[in-house]
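Asks: Residues are numbered in my numbering as their position in the sequence shown, beginning at 1, plus a constant of 84.
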Amino acid sequence: MMAAPVLLRERGVLTGRSILVVEDEYFLADDIARACRALGAEIEGPFGDVEDALAILTGVRAVDGAVLDVNLRNASIFPVAHALRSRGIPFVFTTGYDRNAIGPEYEDIQLWEKPLDIAAMTRRLSELMLARAGR
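As structure tokens, then:
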């Protein structure tokens, strides 16, 4: 799977911002990371498990946004989602399942079903991040 092309006017829109990518499918994680980098973002990860993602969030590095796979090797991503939400950090979910895969607590969070439209997903995440930053 190739990362979708990024329109020239979008390049650099996330320069100086950091995105946490938590996805256990290697090629998809790489495609997501490439698409985010094409917008100028720095990538934390990609990580394939909850513990590594939580370690980043409790460490000294800050993230400005995140892409979270709902189900990682049968482990729930919700501890990471909770940590992000408590810090006011915008994120989106990805999943091979439908909206029922996330509970009512996260019904306001954008859910992208696989196969992903990576370009549209990264645009939406960048909108959320820029809105949070007040731009």
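Where is the CB? At the ideal position from N, CA and C, for every residue including glycine.
Note that this is a predicted model, so its numbers are computed, not measured.
What ranges does the beta strand (DSSP E) occupy inside the stretch 155 to 185, keeping only unbroken runs of at least 3 residues that lie completely in it?
Replies: Runs found: 175 to 179.
Asks: Using a Cβ-Cβ distance under 8 angstroms, would residue 96 count as near chain C?
Replies: Annotation note: the requested chain C is absent from the structure, which comprises a single protein chain.
Asks: Give me the residue from 187, 191, 199 and 163 with the minimum Cα distance to residue 180.
Replies: Selected option, being the one with the closest Cα: 199.
Asks: In the DSSP output, which residue or residues are listed as bridge partners for residue 153?
Replies: Residue 153 pairs with 178.
Asks: Check the C-beta distance from residue 178 over to residue 152 and give it rounded, since I have them as a contact under 8 angstroms.
Replies: Their Cβ separation, rounded to whole angstroms, is 7 angstroms, which keeps residue 178 and residue 152 in contact under 8 angstroms.
Asks: Quick test of your reading: residue 172 and residue 103, contact by CB under 8 angstroms. State the CB separation rounded to the nearest angstrom.
Replies: Rounded, the Cβ-Cβ distance is 15 angstroms, inconsistent with contact.
Asks: Does the Cβ of residue 145 have 16 or more other Cβ atoms within 10 Å, making it buried, or fewer, making it exposed?
Replies: Answer is exposed; the Cβ neighbour count stays below 16.
Asks: Below 8 angstroms between beta carbons: does that hold for residue 128 and residue 140?
Replies: The answer is yes: Cβ separation under 8 angstroms.
Asks: Per DSSP, what are the beta-bridge partners of residue 126 in this structure?
Replies: Answer by DSSP bridge pairing, in chain order: 102.
Asks: Assuming residue 154 and residue 186 form a contact by the criterion Cβ under 8 angstroms, report the distance between their Cβ atoms to the nearest whole angstrom.
Replies: That pair is a contact at about 6 angstroms.
Asks: Does residue 197 come out as helix, strand or coil in the three-state DSSP assignment?
Replies: Reduced to three states, the DSSP call for residue 197 is strand.
Asks: By Cβ distance, which residues of its chain are closer than 6 angstroms to residue 137, with the 5 residues on each side in sequence left out?
Replies: Here the set comprises 106, 131 and 164.
Asks: If we ignore side chains and look at the alpha-carbon of each, how far apart do residue 134 and residue 161 end up?
Replies: Looking at the two C-alpha atoms, the distance is approximately 6 angstroms.
Asks: In the DSSP output, what is residue 49 paired with across the bridge?
Replies: Lying outside 85 to 219, the shown extent of the chain, residue 49 is not represented and no answer is given.
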